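Per the working numbering, residue 323 is the first one in the sequence shown, and the count goes up by one each step.
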Amino acid sequence: MATMEEVVKEADLLGYRGEKREEYLKQEFNLLAERERQAREKKEEAERQAREKKEEAERQERKQEADRKERLELEKMKLDAEMKLLQAKIEAGIIKNEPDGSGARSSDAGAKHPKLPNFQDGRDDLDICLTRFERFAESNGWSREKWSPSLCTLLTGRALDCYGWLSAEQAKDYDKVKEALMKRYDLTEDGYRRKFRTCKPAKGESPDSDMFIVRIVTYLDRWIELSKTDKSYEKLKDLIVREQFMDACPEDLATRLREKDLHTLERVAKEADLFLKARNRKLCDQPRKVF
Numbered sequence: 323m324a325t326m327e328e329v330v331k332e333a334d335l336l337g338y339r340g341e342k343r344e345e346y347l348k349q350e351f352n353l354l355a356e357r358e359r360q361a362r363e364k365k366e367e368a369e370r371q372a373r374e375k376k377e378e379a380e381r382q383e384r385k386q387e388a389d390r391k392e393r394l395e396l397e398k399m400k401l402d403a404e405m406k407l408l409q410a411k412i413e414a415g416i417i418k419n420e421p422d423g424s425g426a427r428s429s430d431a432g433a434k435h436p437k438l439p440n441f442q443d444g445r446d447d448l449d450i451c452l453t454r455f456e457r458f459a460e461s462n463g464w465s466r467e468k469w470s471p472s473l474c475t476l477l478t479g480r481a482l483d484c485y486g487w488l489s490a491e492q493a494k495d496y497d498k499v500k501e502a503l504m505k506r507y508d509l510t511e512d513g514y515r516r517k518f519r520t521c522k523p524a525k526g527e528s529p530d531s532d533m534f535i536v537r538i539v540t541y542l543d544r545w546i547e548l549s550k551t552d553k554s555y556e557k558l559k560d561l562i563v564r565e566q567f568m569d570a571c572p573e574d575l576a577t578r579l580r581e582k583d584l585h586t587l588e589r590v591a592k593e594a595d596l597f598l599k600a601r602n603r604k605l606c607d608q609p610r611k612v613f
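Here it is as structure tokens:
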């Protein structure tokens, strides 16, 4: 590529003078600048492509490493769950911990192993299964420390995964296991409240059947129990009016009140008042849309 000095020398050799010389130099300088611009852009494009190629290779490498770590973590979690299940079976007396490492049926397993069907994730009601298990354990006189390892032998699917995520100490505590399972399946205060409000008769239930009524009453009892409400008229009235108030509120206010976990109507009213005053809104106002 010619330089500016070379262009000037070439103009002199060609004998250009005056305006013709100026026009020639201007034209050649423009061509020279355009070639330099194109060369610079070509270089920058090559550098950009090389940089993107390098970044893509690094992304792929990071992704492969993340995938590898995720696989290892899943395998570790699966192994931990299997080991906890094996240990639980040993503690429950379902199998013996033989010196050679092999598992064998315990001779007295019949007295310890819960003769109950496995909990089928996605099909069975966890609340019913836990109630059935607790009644079975109590009627057979099991010691409380045997409850958790015995229960875990009946779990499948998400329930077993949930058990596997607990620490070794938590997995031994039936109350901790039950609490984790109930949260996993939304068997919480708000979950039972929604079940109570939206409960519908199941297929095959007739008006003279007690099952639908039993389910409604059970959901109400669980809701009251988990809300830590005394079963007195005043406390129950407070709970029902409080829930009715939150159900009637604008959605953002209701969400805020439920997040606060307020246990009296008075506290709910005060929190709602503060929330609305801070936003210069009335209780009947819907939340403003933010664009």
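Backbone N, C-alpha and C fix where the C-beta goes; we use that ideal spot for every residue, glycine too.
Since this is a predicted model, take the numbers as computed values, not measurements.
- Separation of the CB atoms of A333 and L347 is rounded to 6 Å, and the pair is thereby assigned contact status at 8 Å.
- Exclusion of the five residues before and after D560 leaves T551, T586 and L587 as the residues of its chain whose Cβ lies within less than 8 Å of its Cβ.
- Three or more Cβ pairs closer than 8 Å define a contact, and the region 466-483 meets that threshold against the region 438-454.
- By the Cβ neighbour-count rule, L605 is exposed, with fewer than 16 other Cβ atoms within 10 Å of its own.
- With contact defined as three or more Cβ pairs closer than 8 Å, the region 513-520 and the region 539-549 are in contact.
- Rounded to the nearest angstrom, the gap between the Cα atoms of L575 and S549 is 20 Å.
- In this structure, Y485 lies away from R466, with their beta-carbon atoms at least 9 Å apart.
- The C-alpha of R362 is placed about 14 Å away from the C-alpha of Q371.
- Taking the CA atoms as reference points, E344 sits about 10 Å from V330.
- Contact between L482 and K498 does not hold, since the beta-carbon distance rounds to 16 Å and is not under 8 Å.
- Secondary structure of A524 (DSSP, three-state): coil.
- In the structure shown, the three-state DSSP call for C571 is coil.
- DSSP, reduced to helix, strand and coil, places D389 within a helical segment of the structure shown.
- The three-state reading of DSSP puts R454 in helix, counting H, G and I together.
- For the 9 Å CB-CB criterion, R578 and E593 form a contact.
- For the options R457, A600, Q492 and R480, the alpha carbon positioned closest to that of Q442 is the one of R480.
- Taking the Cα of N352 as reference, the smallest distance to any Cα among W464, M326, A379 and P572 is reached at M326.
- A straight-line Cα-Cα distance of about 10 Å links E377 and R384.
- Look at K582 here: in three-state DSSP terms it is helix.
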